[in-house]
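Chemist: Top to bottom, those sequences are chains A and B.
Numbering-wise (the numbering used here), the first sequence opens with residue 219 and increments by one.
Numbering-wise (the numbering used here), the second sequence opens with residue 12 and increments by one.
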Amino acid sequence: AQRVTQPEKLLSVFKGAPVELKCNYSYSGSPELFWYVQYSRQRLQLLLRHISRESIKGFTADLNKGETSFHLKKPFAQEEDSAMYYCAPTFYNQGGKLIFGQGTELSVKP
Amino acid sequence: EAGVTQSPTHLIKTRGQQATLRCSPISGHTSVYWYQQALGLGLQFLLWYDEGEERNRGNFPPRFSGRQFPNYSSELNVNALELEDSALYLCASSLIVPGGTQYFGPGTRLLVL
Chain A
219 AQRVTQPEKL LSVFKGAPVE LKCNYSYSGS PELFWYVQYS RQRLQLLLRH
269 ISRESIKGFT ADLNKGETSF HLKKPFAQEE DSAMYYCAPT FYNQGGKLIF
319 GQGTELSVKP
Chain B
12 EAGVTQSPTH LIKTRGQQAT LRCSPISGHT SVYWYQQALG LGLQFLLWYD
62 EGEERNRGNF PPRFSGRQFP NYSSELNVNA LELEDSALYL CASSLIVPGG
112 TQYFGPGTRL LVL
């Protein structure tokens with residue numbers, strides 16, 4: 219069965235520090251990979267997806283097929299990055315449902 | 012452009028009752044997904060509707076059901092409510108399936124007493 223692991227429940231960094239949110243997945247098909255973010259009192263929204271290879275709000279994510287990882291990175295964290303981050307692959311042979319990790323709460327301190 | 016909308020925002024029911032949750036997708040989106048976010052369990056896939064048909068369902072009992080209307084809006088019904096059904100229920104819509112970006116609504120928070 220497909221499984222997504224976000225090992226850190228809470229990640230706390232200082233403003234300006236680099237940040238990396240880890241995501242590992244197991245799969246038996248071809249995944250499309252997403253990161254979703256939920257800011258306080260806002261709805262869940264797309265941060266970035268692998269296929270577009272965009273950098274959104276300074277975040278990037280690299281797919282490592284060998285390690286089956288899709289870690290999210292930002293070189294200089296900002297206070298407004300504080301939010302809940304979810305890694306969510308979707309598998310074409312599963313009808314496109316998102317399989318969410320448990321989420322990592324990022325806290326950026328001034 | 013209006014986003015995904017859900018109603019009601021909050022719903023309080025007692026054990027054994029039925030709950031009905033509603034979702035309106037982004038205009039032009041034909042697929043609707045339902046997810047449950049229960050405390051301690053994370054976000055779990057419930058149901059997927061596309062072009063009026065149920066296409067996939069997650070590991071939930073049959074008392075979780077729904078439908079999609081000709082205008083692509085959707086309804087989630089939960090029968091014989093149990094305390095553990097208390098959760099935030101999220102609806103998402105997508106234009107391209109599978110693999111397309113899903114856009115989420117604000118959710119309906121269901122409390123079962």
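All C-beta atoms, glycine included, are put in the ideal place defined by N, C-alpha and C.
Which whole-angstrom value describes the C-beta separation of residue 295/A and residue 326/A, a residue pair presumed to lie in contact below a C-beta threshold of 8 Å?
Modeler: Contact flag correct, Cβ pair sits at about 5 Å.
Chemist: Using a Cβ cut-off of 9 Å, which residues of the stretch 292 to 316 of chain A contact any Cβ in chain B, in chain order?
Modeler: For the stretch 292 to 316 of chain A, which is checked against every Cβ of chain B, the residues closer than 9 Å are 304, 306, 308, 309, 310, 311, 312, 313, 314, 315 and 316.
Chemist: So which residues of chain A does residue 66/B contact, with C-beta pairs closer than 7 Å?
Modeler: Here the neighbours are 313.
Chemist: So which residues of chain A does residue 117/B contact, with C-beta pairs closer than 8 Å?
Modeler: Simply 261.
Chemist: Can you list, in chain order, the residues of its chain with a C-beta nearer than 6 Å to that of residue 323/A? Leave out the 5 residues immediately preceding and following it.
Modeler: Taken in chain order, the residues that qualify are 228 and 302.
Chemist: Give me the chain B residues within the contact set of residue 232/A, using Cβ-Cβ distance strictly less than 8 Å, ordered along the chain.
Modeler: Within chain B, no residue comes near residue 232/A; the closest Cβ sits about 28 Å away, beyond 8 Å.
Chemist: Figure out for me which residue from 98/B, 113/B and 41/B has the closest Cα to the Cα of residue 60/B.
Modeler: Answer by Cα proximity: 41/B.
Chemist: Since residue 121/B and residue 96/B should fall inside the 8 Å C-beta cutoff, what is the C-beta to C-beta distance between them, to a whole number of angstroms?
Modeler: Sure, about 6 Å apart at Cβ, within 8 Å.
Chemist: Just list the residues that DSSP pairs residue 285/A with in beta bridges.
Modeler: Residue 285/A is not bridged to any residue.
Chemist: Among 106/B, 107/B and 101/B, which residue has its Cα nearest to the Cα of residue 318/A?
Modeler: The option with the nearest alpha carbon to residue 318/A is 101/B.
Chemist: So, do the stretch 12 to 31 of chain B and the stretch 81 to 93 of chain B have three or more beta carbon pairs nearer to each other than 8 Å?
Modeler: Yes, they touch.
Chemist: Assign residue 268/A to one of three DSSP states: helix, strand, or coil.
Modeler: If DSSP states are grouped into helix, strand and coil, residue 268/A belongs with the helices.
Chemist: Roughly how many whole angstroms lie between the Cα atoms of residue 116/B and residue 35/B?
Modeler: Each residue's Cα considered, the two are about 9 Å apart.
Chemist: Between the alpha carbons of residue 108/B and residue 313/A, how many angstroms are there, rounded?
Modeler: Going by the C-alpha atoms only, they are around 7 Å apart.
Chemist: Per DSSP, which residues does residue 23/B bridge with? Please list them.
Modeler: According to DSSP, which records beta bridges pairwise, residue 23/B is partnered with 122/B.
Chemist: Taking all protein chains shown into account, do 16 or more other C-beta atoms lie within 10 angstroms of the C-beta of residue 248/A, making it buried, or fewer, making it exposed?
Modeler: Its Cβ having fewer than 16 others within 10 Å, residue 248/A is exposed.
Chemist: Am I right that residue 55/B and residue 69/B are in contact with their C-beta atoms under 8 Å? What's the rounded C-beta distance?
Modeler: About 6 Å; that satisfies the 8 Å criterion.
Chemist: Could you confirm whether any beta carbon from chain A is found closer than 8 Å to the beta carbon of residue 56/B?
Modeler: Yes, contact with chain A.
Chemist: Is the Cβ of residue 18/B closer than 8 Å to any Cβ of chain A?
Modeler: No, no contact with chain A.
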